[in-house]
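Counting in my numbering, the sequence shown runs from 58 upward without gaps.
We treat Cβ as the ideally placed atom computed from N, Cα and C, and that holds for glycine.
Just so you know, these numbers come straight off a predicted model, no measurement behind them.
Here the structure is laid out as structure tokens; the discussion comes afterwards.
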Amino acid sequence: MIKTAENNNLTISLKKFLPFFILEIIITSTTGSLSTAISNNIISELKYAPWVGAIVVSMISAGFLVFTLFCGHISDKFGQRNVILFIWFSRLGFSFFYLAPITSNIHLIIFGVILFLDGGANGIFWPTIQQISVLTENFGGLTLKRKYLSGYNFSWNFGYIFGMFGGTIIVYLFNSNYFVFFLNAFGLIIGVPVVLFSVKNTFEIFKTDETSENYSRKTTLKGNKHVSIGVEPSSIISKFSRIPFYSLLLVLLIHSLIDGVLIIFLTLKIELINQELYWVFLITLLKLFSQMISTMTFSFSKRKHIVNFLVISIITVSGSWSLVLLSNNLLSLALLLLISGFAQGMIYALLMNLISYKARDKNSAKPFSYFQAMMSSGRMTGSLIFGLTATVFLNLGI
């Protein structure tokens, strides 16, 4: 039996993914706190109607959706490094524009356009990073893929948590959401050296004498037969490949709709129960912490349990949110969002696992583009629907 390549790749390659994980943390810490700060700033501080805040905030998701659908897989052609360089310096330029306070309706419209483009840059980033999970399995086997996905899920969740923690501190100290925009710019500046000096294309990361440009799997010799190392049996791959792609996206819609609703809902709910705006960041922080635990945990779910876990998570999210809408105090609101966050994390981790099978079948980042497109469309739709509905209720005096 020849020595397996999987173990070698595990010890070497995981360290080489660290730059991608760092960029994930920066992207989510800046984007998450930025969206919440914009909602608070426009609705609570500048006193625009909820529907205005909803439209402006949804521009991030709209840009995310459009650019993901049309450009989300461009790393297939240009490579991860070139794409990430373009994304990073585009976002850095946009971040400086946010530092100019909104003083007129025209400025607000331009602000929304910049948010659309900024969201587009994010929409290209995530499929680029997610596609690496397929390559880790091709080169290092299933174990490396699972470890990569666990690191991926930890990084984006930790970024959101760090961003919300920073937002909480800033709003508490300065009593203004405007200063959170500086956190966004500062984070992107920190990421510049990582992008310039540490990010590599995956073919450079996996370059060994044993690998081929076709990403052929590692094998070990047993008798006269070649057996794949760490790769799942073809019957299981076939089973997951037969799951309709649209059904996975519809389940994902539940997760993303709730995130969209939450951006506007929390701002209005915290005002309704007469609490300070830093509680918006703090409660979101608690929800994201719960979500991080579940995404990391369920990245290692056994294949036979995936469907059952999905059903449980959908029921849990639906039940908790039916109570969230009726909650009138901070304690119950925080507890219910902790439960919802855990279930949402389950949905994300389980679906990411299933989507990776689709991406491997197509040998492309396109399935991840559709994955992220559904995430952004759900967030955009959730923000818009809730913002418009809230405006109607407020006008009716409800």
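Status (buried if at least 16 other CB within 10 Å, exposed otherwise) for A157: Exposed is the call here.
Chain B within 7 Å of L445, Cβ atoms only: In the structure shown, chain B does not exist; there is a single protein chain.
T373 versus A447: straight-line alpha-carbon distance, rounded: Cα-Cα distance, rounded: 25 Å.
Residue from F124, M116, F78 with nearest C-alpha to F428: Ranked by Cα distance from F428, the options F124, M116, F78 are led by F124.
Nonlocal neighbours in the same chain, by C-beta distance under 6 Å from L323, ignoring five residues either side: Spatial neighbours of L323 in its own chain (CB-CB distance under 6 Å, excluding positions within 5 residues in sequence) are listed in chain order as V337.
Top-ranked residue by Cα proximity to F357, from R203, L408, S132, N210: Of the listed residues, the one whose Cα sits closest to F357 is R203.
Sub-7 Å separation of L390 and L343 beta-carbons: Taking 7 Å as the cut-off, the Cβ atoms of L390 and L343 do not count as close.
Residue from F182, G180, I247, F151 with nearest C-alpha to I167: Nearest in C-alpha terms to I167, of all of F182, G180, I247, F151, is F151.
Chain-order list of residues whose beta-carbon lies under 6 Å from that of S313 (same chain, five-residue window excluded): Counting only Cβ-Cβ distances below 6 Å, and skipping sequence neighbours, we find M432, G435, R436.
CB contact flag (E81, S212, <7 Å): In this structure, S212 lies closer than 7 Å to E81 by Cβ.
Extent of the continuous alpha helix (DSSP H) to which P158 belongs: Premise fails: P158 is in no alpha helix (DSSP H) and is neither H nor E.
Cβ pair G129, P76 closer than 7 Å: Against a cut-off of 7 Å, the Cβ pair of P76 and G129 comes out as no contact.
CB of A178 within 7 Å of CB of R148, strictly: A178 is a Cβ neighbour of R148, given a cutoff of 7 Å.
Burial state of V114, where buried means 16 or more other Cβ atoms lie within 10 Å: That one is buried.
When K415, V228, I186 are compared against Y209, the one with the closest alpha-carbon: It is I186 whose Cα lies nearest to the Cα of Y209.
H164 - DSSP class collapsed to helix/strand/coil: In this structure, H164 counts as helix in the three-state DSSP scheme.
Straight-line Cα distance separating F196 from T268: With a pLDDT of only 42 at T268, under the threshold of 50, the placement of this residue in the model should not be trusted, and no figure is reported.
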